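*Asks:* The structure follows.
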Amino acid sequence: MIHFKEIGKIMGALLVLIALLMLPGVGFSLHFNEDPWPVLSSAVITMIIGMTLFFSFSKQDQNIRKREGYLIVALSWVFMAGFGMLPYILSHEIVSFEDALFETMSGLTTTGASILTDIEAMPKGLLFWRSMTQWIGGLGIIVLTVAIFPLLGIGGIELFVAESPGPTSDKVHPRISETAKRLWYVYVGLTVLAMLLYWAGGMNFFDAINHALTTLATGGFSTKNASMAYYDSAFIQYVAILFMFLAGTNFTVIYFGLIGKFKRVLKSDEFKTYGLTLLGVAVILYFPIAATGIDPELAFRKSLFQVVSIVTTTGFVTDDYTQYSEGVTFICFMLLFIGGCAGSTAGGIKFVRHLTFIKNSWLEFKRLVHPRAIVPLIINGDRVTGRIITHIMNFLLIYLLTFVLGSLALSLMGYDLVTSFGAVATCLANVGPGIGSVGPVDNFAFFSPAAKIFLSVIMLLGRLELYTLLILFTPFFWRAN
96 MIHFKEIGKI
106 MGALLVLIAL
116 LMLPGVGFSL
126 HFNEDPWPVL
136 SSAVITMIIG
146 MTLFFSFSKQ
156 DQNIRKREGY
166 LIVALSWVFM
176 AGFGMLPYIL
186 SHEIVSFEDA
196 LFETMSGLTT
206 TGASILTDIE
216 AMPKGLLFWR
226 SMTQWIGGLG
236 IIVLTVAIFP
246 LLGIGGIELF
256 VAESPGPTSD
266 KVHPRISETA
276 KRLWYVYVGL
286 TVLAMLLYWA
296 GGMNFFDAIN
306 HALTTLATGG
316 FSTKNASMAY
326 YDSAFIQYVA
336 ILFMFLAGTN
346 FTVIYFGLIG
356 KFKRVLKSDE
366 FKTYGLTLLG
376 VAVILYFPIA
386 ATGIDPELAF
396 RKSLFQVVSI
406 VTTTGFVTDD
416 YTQYSEGVTF
426 ICFMLLFIGG
436 CAGSTAGGIK
446 FVRHLTFIKN
456 SWLEFKRLVH
466 PRAIVPLIIN
476 GDRVTGRIIT
486 HIMNFLLIYL
496 LTFVLGSLAL
506 SLMGYDLVTS
516 FGAVATCLAN
526 VGPGIGSVGP
536 VDNFAFFSPA
546 AKIFLSVIML
556 LGRLELYTLL
566 ILFTPFFWRA
576 N
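Note that this note's numbering numbers the sequence shown so that position 295 is 390, with each residue one more than the last.
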């Protein structure tokens, strides 16, 4: 039996936290002499409903099992999207439900796709909330709440398992709440450092804090219509490259690096593959970009920025990669299917899954030649079990199937095939820019209401890595034990 009252209690705690995170937007509205009421009233409504839910079920103390964990994570994103769109709607800056849902879901899932055609005309309080939705969704609101739930008498390990992206289970501390806290310390610390460097590089304080929030979240929302291309500064763009790279790295690896355990960093096969892949693809793309006759340093910076931005699923833009050649466009499209490291804020398939697939496929040739030999798959110095391999292979198949069926559905809605491929691929991977009519200098405003809702679901599927959401539609999930 599923403990729905316990779920209601946790939903209440989540909404209270969301309401508190809305409040800084009120401060920016007042600072810029804007009407603070849309953000403030949204925070008040969210707070009242959250406290009502929490205190109505505050005496519930059942343990959270796996089923409740999956259901809580899925519902939390639905609740966050529902209440997160209130500032847009109450301000009348985004009028329609589907537009507000798309923008909010794009923020929370750190996709970065937008329906806004003039970002710079938006009120500053709303722009800050827009960036905050990405920061909230970056490392996962559940990871934050797992860190504080023990204070509320709520257990959190099943939430952490259901929310944390990727197939790895590395922890920096035996207690799951301490692991969540330390990962958030790293997240907050890197955000502050990125903000200071952006500020030092010439951004004003408001732009610096917004871009820091969305960089570490690998979200890509910008306060400028031209995204990072607005800042014609090598320093700012290299800062963005550095922090996008760090945000796409497993935060456990970053933590071990910060405390001096460099052997744990070098032991990570995924991290080494991640770094070498980014550098290798950037070198490949350098040549067609440099062939246009621009400065060699600028050509390398453009190449490296786009590769890091796409692979880490950040989606910041400094250049239109579709303007060079079909080959460059195709490479950038294929990068949408890579993703960052497991345990990072990046979306996508993740390097560890690709690494497992490639290594296992290579070893399969050896097994064919030596059918009686035991040929283990080793990653990070540890043996990968058959169950994990099967799980990853199934994930890759479901991911590919979701992409194909999603593209088919969008094309049946009347959109051309290239645009359908680009929109579904970038939403499923939580990147932002794609190909076709959703390229790096385009947006998603032209899609129909039905298509925007459909793509919002695709974004959520990608952010929760398929299983967490799809398992709710299986009959055995709802059967009583």
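For every residue, glycine included, the Cβ atom is placed at its ideal position computed from N, Cα and C. What you are looking at is a predicted structure, and each value in this text was computed from that prediction instead of being measured.
1) Use the C-beta contact count for MET597: other C-beta atoms within 10 angstroms, 16 or more gives buried, fewer gives exposed.
2) Quick one: what's got a C-beta closer than 7 Å to TRP224's C-beta in the same chain, skipping five residues either side?
3) Given that a residue counts as buried once 16 or more other Cβ atoms are within 10 Å of its Cβ, and exposed if not, what is VAL499?
4) Could you tell me if GLY261 is buried or exposed, where buried requires 16 or more neighbouring beta carbons within 10 angstroms of its beta carbon?
5) Does DSSP put ASP477 in a helix, in a strand, or in coil?
6) From PHE175 to ARG478, what does the alpha carbon distance come to, in whole angstroms?
7) Which residue from PRO528, VAL470, GLU365 puts its Cα closest to that of ASP537?
8) Using DSSP with H/G/I as helix, E/B as strand and the rest coil, what is ARG160?
9) Work out the CA separation of VAL533 and TYR562 for me, nearest whole Å.
10) Between ASN475 and ASP364, how many whole angstroms is the CB-CB distance? I'm expecting something under 8 Å.
11) I need the DSSP call for THR577, collapsed to helix, strand or coil.
12) Give the range of the alpha helix (DSSP H) segment to which ARG225 is assigned.
13) Quick check: what's the CA-CA separation for SER151 versus THR228?
14) If we count Cβ pairs, one from each stretch, closer than 8 Å, do we get three or more for the stretch 205–215 versus the stretch 104–116?
15) Suppose you measure from the CA of PHE366 to the CA of GLY352; what does that come to, to the nearest Å?
16) Under a three-way DSSP split, which group does ALA518 fall into?
17) Please classify ILE354: is it buried, with 16 or more other beta-carbons within 10 angstroms of its beta-carbon, or exposed?
18) Does the ligand ADP have a heavy atom nearer than 7 Å to the CB of PRO383?
19) How far does the alpha helix (DSSP H) with CYS427 in it extend, from its first residue to its last?
20) Answer with buried or exposed for HIS126, where buried requires no fewer than 16 other C-beta atoms within 10 angstroms of its C-beta.
21) Can you tell which of HIS486, ALA540, THR424, TYR416 has its C-alpha closest to the C-alpha of HIS449?
22) Using 8 Å for Cβ pairs, my map puts VAL281 next to TYR350. What's the rounded Cβ distance?
23) Give every residue of the same chain whose Cβ lies closer than 6 Å to the Cβ of ASP194, excluding the five residues on either side of it in the sequence, and list them in chain order.
24) Helix, strand or coil for LEU466? Go by DSSP, reduced to three states.
25) With DSSP as the reference, label ALA295 as helix, strand or coil.
26) Quick check: the Cα distance between ALA441 and PRO544, rounded to an integer number of angstroms?
27) Output needed for GLU253: all residues of its chain with C-beta closer than 7 Å, excluding positions within five of it in sequence on either side, in chain order.
28) Within the stretch 125–185, note down every full alpha helix (DSSP H) run reaching 4 residues or more, in order along the chain.
29) What does a CB cutoff of less than 6 Å around MET106 pick up in its chain, not counting 5 residues either side in sequence?
30) Please report the distance separating the alpha-carbon of VAL519 from that of SER191.
31) Out of curiosity, what's the CA-to-CA distance linking MET554 and SER201?
32) Could you tell me the alpha carbon to alpha carbon distance between ALA312 and CYS427, rounded to whole angstroms?
33) Three Cβ pairs or more, each shorter than 8 Å: is that satisfied between the stretch 567–575 and the stretch 456–475?
34) Taking the Cβ atom as the reference point for each residue, do CYS436 and GLY343 lie within a distance shorter than 8 Å?
35) Taking only three categories from DSSP, how would you classify ILE79?
36) Can you tell me the Cα-Cα spacing of GLY501 and CYS522, whole angstroms?
*Replies:* Put simply:
1) Only positions 96 to 576 of the chain appear in the structure, and residue 597 is not among them; the question remains open.
2) Taking the sequence shown and counting its residues from 1, one reaches residue 224 at position 129. So the qualifying residues of the chain are MET117, GLY120, VAL134, PRO182.
3) The sequence position of residue 499 within the sequence shown is 404, counting from 1. Answer is exposed; the Cβ neighbour count stays below 16.
4) By 1-based counting over the sequence shown, the position of residue 261 is 166. Reliability fails at GLY261, whose pLDDT of 48 lies under 50, so the model's placement of it is uncertain and no value is given.
5) The residue you call residue 477 lines up with position 382 of the sequence shown. Here ASP477 sits in strand by DSSP.
6) Start at 1 with the first residue of the sequence shown, and residue 175 comes out as number 80. Start at 1 with the first residue of the sequence shown, and residue 478 comes out as number 383. One detail in the question is off: residue 175 reads as Met in this sequence, not Phe. Computed Cα separation, rounded: 38 Å.
7) As a working mapping, residue 537 is identified with position 442 in the sequence shown. ASP537 has its Cα closest to that of PRO528, out of PRO528, VAL470, GLU365.
8) The residue given as residue 160 occupies position 65 in the sequence shown. Coil.
9) The residue given as residue 562 occupies position 467 in the sequence shown. The residue given as residue 533 occupies position 438 in the sequence shown. Answer to the nearest angstrom: the Cα atoms are 27 Å apart.
10) Here residue 475 refers to the residue found at position 380 of the sequence shown. Here residue 364 refers to the residue found at position 269 of the sequence shown. Confirmed, Cβ separation roughly 5 Å.
11) Absent from the structure is residue 577, since the part of the chain shown begins at 96 and ends at 576.
12) For the purposes of this step, residue 225 is taken as the residue at position 130 of the sequence shown. Start and end: 219–234.
13) Position 56 of the sequence shown, counting from 1, holds the residue named residue 151. Position 133 of the sequence shown, counting from 1, holds the residue named residue 228. Answer to the nearest angstrom: the Cα atoms are 27 Å apart.
14) no
15) Start at 1 with the first residue of the sequence shown, and residue 366 comes out as number 271. Start at 1 with the first residue of the sequence shown, and residue 352 comes out as number 257. Computed Cα separation, rounded: 12 Å.
16) Translated into the one-based positions of the sequence shown, residue 518 becomes position 423. ALA518: helix per DSSP, three-state reduction.
17) Stepping through the sequence shown from its first residue, residue 354 is reached at position 259. It is exposed - the Cβ of ILE354 has fewer than 16 other Cβ atoms within 10 Å.
18) No copy of the ligand ADP occurs in the structure displayed, which carries no ligand at all.
19) Here residue 427 refers to the residue found at position 332 when the sequence shown is read from its first residue. CYS427 -> alpha helix (DSSP H) spans 421–430.
20) Along the sequence shown, one-based indexing puts residue 126 at 31. Its Cβ having fewer than 16 others within 10 Å, HIS126 is exposed.
21) Residue mapping note: residue 449 aligns to position 354 of the sequence shown, counting from 1. When only C-alpha atoms are compared, the closest one is HIS486.
22) Working through the sequence shown from its first residue, we reach residue 281 at position 186. Working through the sequence shown from its first residue, we reach residue 350 at position 255. Between TYR350 and VAL281 the Cβ distance is about 5 Å, and since that is below 8 Å, they are a contact.
23) In the sequence shown, the residue the question calls residue 194 occupies position 99. Closer than 6 Å at the Cβ level, and outside the excluded window around ASP194, lie ILE210.
24) As a position in the sequence shown, residue 466 is number 371, starting the count at 1. The sequence shown places Pro at residue 466, not Leu. In the structure shown, PRO466 sits in coil (DSSP, three-state: anything other than H, G, I, E or B).
25) Looking up residue 295 in the sequence shown gives position 200. Of the three classes helix, strand and coil, the one that applies to ALA295 here is helix, per DSSP.
26) The residue you call residue 441 lines up with position 346 of the sequence shown. The residue you call residue 544 lines up with position 449 of the sequence shown. Going from the Cα of ALA441 to the Cα of PRO544 covers about 27 Å.
27) Residue mapping note: residue 253 aligns to position 158 of the sequence shown, counting from 1. Unreliable placement is indicated for GLU253, whose pLDDT of 47 sits below 50; the coordinate value is still reported in the next sentence. Counting only Cβ-Cβ distances below 7 Å, and skipping sequence neighbours, we find ILE159, ARG160, LYS161, GLU163, GLY164.
28) 132–151, 161–179
29) For this step, residue 106 is matched to residue 11 along the sequence shown. Around MET106: LEU148, PHE174.
30) If you number the sequence shown from 1, residue 519 lands on position 424. If you number the sequence shown from 1, residue 191 lands on position 96. Approximately 22 Å, taken between the alpha carbons.
31) Here residue 554 refers to the residue found at position 459 when the sequence shown is read from its first residue. Here residue 201 refers to the residue found at position 106 when the sequence shown is read from its first residue. So the two alpha carbons sit approximately 7 Å from each other.
32) As a first step, residue 312 is located in the sequence shown; it is residue number 217 there, counting from the start. As a first step, residue 427 is located in the sequence shown; it is residue number 332 there, counting from the start. Those two C-alpha atoms are separated by around 21 Å.
33) no
34) Taking the sequence shown and counting its residues from 1, one reaches residue 436 at position 341. Taking the sequence shown and counting its residues from 1, one reaches residue 343 at position 248. Contact: yes.
35) Lying before the first or after the last residue shown, residue 79 is absent from the chain, which here runs from 96 to 576.
36) Numbered from 1 along the sequence shown, position 406 holds the residue referred to as residue 501. Numbered from 1 along the sequence shown, position 427 holds the residue referred to as residue 522. Straight-line Cα distance between these residues: approximately 10 Å.
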